[in-house]
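Engineer: If you read the sequence shown in our numbering, its first letter stands for residue 210, the second for the next number, and so on.
This is the structure, below, for whatever I ask next.
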Amino acid sequence: MKPWFIALCCLLASMSLAAGRIDIAAWSHTAPVTVEGAPQKGVAEFNLSPEAMNLARPDLADLRLTTAGGEEVAYVVRPSGETAGAVLTGGRLYNRVFLPNKQSSVTVDFGGPSLKNRLQIDTSGDNFCRLVRVESSDDARHWQIIRNDGTLIRVTEGQTVTYNKPIVTIPDNDQRYLRITIMNGTADTGKIEIASVKVWKYLPTVKQTTPVPTLASTRGEVEKDGTTIITLDLGFRNLPLWQVTLSPSDASFYRAVTIYGRDAEQREIAVSVEDARVQKTVVAESWHEIARGVIFRYPGSAGRGESRSINLDGAKFRYLQLIIENGNNAPLHQIETAVTRVLTAVDFQPESGTAYRLYVGNATASPPSYDIARYLDALRHEGVASAGLGPVTGNPAFKSPVTVVPWSERHPVILWITLLAVFGILLLLIIRQLGTMKNAGSEKEPEG
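Put into C-alpha cells, the structure is as follows:
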C-alpha cells in the first residue's frame, strides 16, 4: 500500500474522530447525567433544572451532551407534553390592505375546508405586542368574528430574540377563508408586513408543569392610580412560564390584569459626552408586555364561577410585573400569587455503562443539528428510561474568551505623541508657506 494513501486514511480518520468531539473549554458550566438502567431500545430522558436553564442562552442552542470521554451525543430538547399536531401548508394570501399606523389585514384562502384551531402568523418588526382579530367565511363574502383578542409578541435584545409568540389560537374551524387583521402596537409605525400564515389542528396533551418558587424577599405590591402593581422575582431566567394564578381573599371580584416581563432590573448603556470619551451609565431595564387576561369570582359559585389564572404561553422572563386594574373599586385583599412552568425534557439514546455530562454556557456556540430529531417519536414508542441531571458546577476546563483591546487603548501615550508630532509638522509647514508668500510679495516691484 502506498505511503501517501496510508497517510491520507489516517488524516481522514483523525478528522472523523474530531468531528464527534467538542472543545469543552468553551463551555462555562457542566453537570453529570445519570441513567437508571440504560435500555436496549428507546431513549433516556431528563428534565433541565432551573440552574442549567438560567446559564443557557434563551434558545438553549448552547447545550451539549457528551460521554465522559468527550464524545458528543445527539439529543433533542422538547417541552414535556408538547404535541405539534398536523401542520398544513400555508394558504394563498390576497387582499392585503392597511391603514397607516393603525392596522394591516390579509385574506387567506386554504383552497377548501380544513379543520384548524391554531394559526402561525409571521410578521415584520421587533419588540412588539399586537392585537389580532380573526374572521372566517365559506364564500369570502359573509364573515364571522371567531377571535377578537389574539396577540402576537416578539422581544429582542440586540440581535437575539428572547421571546417570540407568533401563535394565535382559535375555536375549531373548518371554513375555507380566514381574514386576519393585526393592530399596530404602541411602538409600531408604518405598515406591518404579514409574511405568511400557517394553520394546523392542535391535539392538546396534558402539560407537565411544576411550581416556580417566588423569592419572597423580592415581592413588591403597591397601589398607584387605581391599579395594584405586584412585582415578582422568580430567581432564574429562561424558564418557560405556563400560568400565573392570583388568589385574593375577596368573596367576589372582576379585574383586568396585564403582565409584563424582563430579565434584569437594570442595564448598562454607553453615553456619548461632548468633548469626552464614551461613558457608561446604568438605567432601569424596560418591561415587555407578555399577557393579558381577566380574573373573577362570583358570589355563591362554589368555585364554578371563578377564573384566577392567566396563561403565559412559554414566556421566559425572570421578573414579572402584574398590573391589576381596580377602576373605582377598592383594591383586592391578601392576594396570593403562584407561578408554574412547563418542564423541559432532554431525550437521547444511551449506551449501557456509559457516563454522560451536560455542558451549558457558551455565547458563541452554533445551534446543533442531529438526525435523532427526525425519528424521536419512533424511539420513544420503544421505551423511555428515566435519567437525572446532577448539580450544575463551574467547568474546570473552561477558558474565558480573551477580549482583544484595541492597540490605541493599550498604548495611549504613543498615540498622543504621534498626534502631537503630526500637529507640529503641519504647523511647521504652514509657517514655511507663510514665509515663502511674504518673500514673494516683497520682491515684487510696485507698478508706476
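We put the beta carbon where it would ideally sit given N, CA and C, even for glycine.
How about Val282 and Arg301: are their beta carbons less than 9 angstroms apart?
Structural biologist: Walking along the sequence shown from the start, residue 282 turns up at place 73. Walking along the sequence shown from the start, residue 301 turns up at place 92. Contact flag unset, no.
Engineer: Buried or exposed, going by whether 16 or more other CB atoms sit within 10 Å of the CB of Ala524?
Structural biologist: The residue you call residue 524 lines up with position 315 of the sequence shown. Its Cβ being crowded by 16 or more others within 10 Å, Ala524 is buried.
Engineer: Give the range of the beta strand (DSSP E) segment to which Pro167 is assigned.
Structural biologist: Past the boundaries of the shown model lies residue 167; the chain is included only from 210 to 657, so the question cannot be answered.
Engineer: Do Glu494 and Ala473 have their CB atoms nearer than 9 angstroms?
Structural biologist: The residue labelled residue 494 in the question sits at position 285 within the sequence shown. The residue labelled residue 473 in the question sits at position 264 within the sequence shown. In this structure, Ala473 lies closer than 9 angstroms to Glu494 by Cβ.
Engineer: Please classify Val453 as buried or exposed, where buried requires at least 16 other C-beta atoms within 10 Å of its C-beta.
Structural biologist: Taking the first residue of the sequence shown as 1, we reach residue 453 at position 244. So Val453 ends up on the buried side.
Engineer: Who are the Cβ neighbours of Glu549 in its own chain at under 7 angstroms, not counting the five residues just before and after it?
Structural biologist: Here residue 549 refers to the residue found at position 340 of the sequence shown. For the record, residue 549 in the displayed sequence is Thr; it is not Glu. Around Thr549: Thr418, Thr419, Pro420, Val421, Trp451 and Gln452.
Engineer: Let me know if Arg641 comes out buried or exposed under the rule of 16 or more other beta-carbons within 10 Å of its beta-carbon.
Structural biologist: For the purposes of this step, residue 641 is identified with residue 432 of the sequence shown, where counting begins at 1. So Arg641 ends up on the exposed side.
Engineer: Just confirm the distance between the C-beta atoms of Val569 and Ala265, as a whole number of angstroms; I'd bet it's less than 8 angstroms.
Structural biologist: Position 360 of the sequence shown, counted from the first residue, corresponds to residue 569. Position 56 of the sequence shown, counted from the first residue, corresponds to residue 265. With 8 angstroms as the limit, Val569 and Ala265 qualify as a contact, their Cβ atoms being about 5 angstroms apart.
Engineer: Go ahead and pull the three-state DSSP assignment for Phe307.
Structural biologist: Here residue 307 refers to the residue found at position 98 of the sequence shown. Looking at Phe307 - three-state DSSP - the assignment turns out to be strand.
Engineer: By DSSP's criteria, Tyr528 is part of a beta bridge. Which residues make up the other side?
Structural biologist: To locate residue 528, count along the sequence shown from 1; it is residue 319. Paired residue(s): Asp442 and Arg471.
Engineer: In or out: Asn393 buried (at least 16 other Cβ within 10 Å) or exposed?
Structural biologist: Here residue 393 corresponds to residue number 184 of the sequence shown, with the count starting at 1. Label assigned to Asn393: buried.
Engineer: State the CB to CB distance for the pair Thr553 and Asn256, rounded to an integer number of angstroms; the pair is presumed to be in contact (CB under 8 angstroms).
Structural biologist: Numbered from its first residue, the sequence shown carries residue 553 at position 344. Numbered from its first residue, the sequence shown carries residue 256 at position 47. Rounded, the Cβ-Cβ distance is 6 angstroms, consistent with contact.
Engineer: In whole angstroms, give me the CA-to-CA distance for Gly562 and Ala277.
Structural biologist: For the purposes of this step, residue 562 is taken as the residue at position 353 of the sequence shown. For the purposes of this step, residue 277 is taken as the residue at position 68 of the sequence shown. One C-alpha to the other measures close to 11 angstroms.
Engineer: So what does DSSP say about Tyr584, is it helix, strand or coil?
Structural biologist: Position 375 of the sequence shown, counting from 1, holds the residue named residue 584. Of the three classes helix, strand and coil, the one that applies to Tyr584 here is helix, per DSSP.
Engineer: Could you check whether Gln530 and Leu658 sit closer than 9 angstroms to each other, using their CB atoms as the reference points?
Structural biologist: The structure shown has nothing for residue 658, since the chain only spans 210 to 657.
Engineer: Among Ala460, Arg471, Asn336 and Arg476, whose alpha-carbon lies nearest the alpha-carbon of Pro445?
Structural biologist: Residue 445 sits at position 236 when you count from the first residue of the sequence shown. Strictly speaking, residue 445 in this sequence is Phe, with Pro absent from that position. The candidate whose alpha carbon is nearest that of Phe445 is Arg471.
Engineer: Just to confirm my understanding: we take Ala404, look at its own chain, exclude 5 residues before and 5 after, and list those with CB closer than 6 angstroms. What are they?
Structural biologist: For this step, residue 404 is matched to residue 195 along the sequence shown. Here the set comprises Asp331.
Engineer: Roughly how many angstroms separate the alpha carbons of Glu515 and Val503, rounded to a whole number?
Structural biologist: On the sequence shown, residue 515 is found 306 positions in, with the first residue counted as 1. On the sequence shown, residue 503 is found 294 positions in, with the first residue counted as 1. Cα to Cα, Glu515 sits roughly 10 angstroms from Val503.
Engineer: Identify every residue that forms a DSSP beta bridge with Phe505.
Structural biologist: By 1-based counting over the sequence shown, the position of residue 505 is 296. Phe505 is bridged to Tyr463 and Ser516.
Engineer: CB Ile544 to CB Thr436, shorter than 9 angstroms?
Structural biologist: For this step, residue 544 is matched to residue 335 along the sequence shown. For this step, residue 436 is matched to residue 227 along the sequence shown. For Ile544 and Thr436, no; Cβs fall outside 9 angstroms.
Engineer: Specify, as a first and last residue, the run of the alpha helix (DSSP H) that Glu260 falls within.
Structural biologist: Along the sequence shown, one-based indexing puts residue 260 at 51. Residues Pro259 to Leu264.
Engineer: Here's the rule I'm using: 16 or more other beta-carbon atoms within 10 Å means buried, otherwise exposed. How should Glu432 be labelled?
Structural biologist: Position 223 of the sequence shown, counted from the first residue, corresponds to residue 432. Looking at its Cβ environment, which holds fewer than 16 other Cβ atoms inside 10 Å, Glu432 is exposed.
Engineer: Say whether the region 307-324 touches the region 358-377, bearing in mind that this needs 3 or more beta-carbon pairs closer than 8 angstroms, one atom from each stretch.
Structural biologist: No: fewer than three Cβ pairs fall under 8 angstroms.
Engineer: By Cβ distance, which residues of its chain are closer than 7 angstroms to Asp381, with the 5 residues on each side in sequence left out?
Structural biologist: The sequence position of residue 381 within the sequence shown is 172, counting from 1. The answer, listed in chain order, is Leu324 and Asn326.
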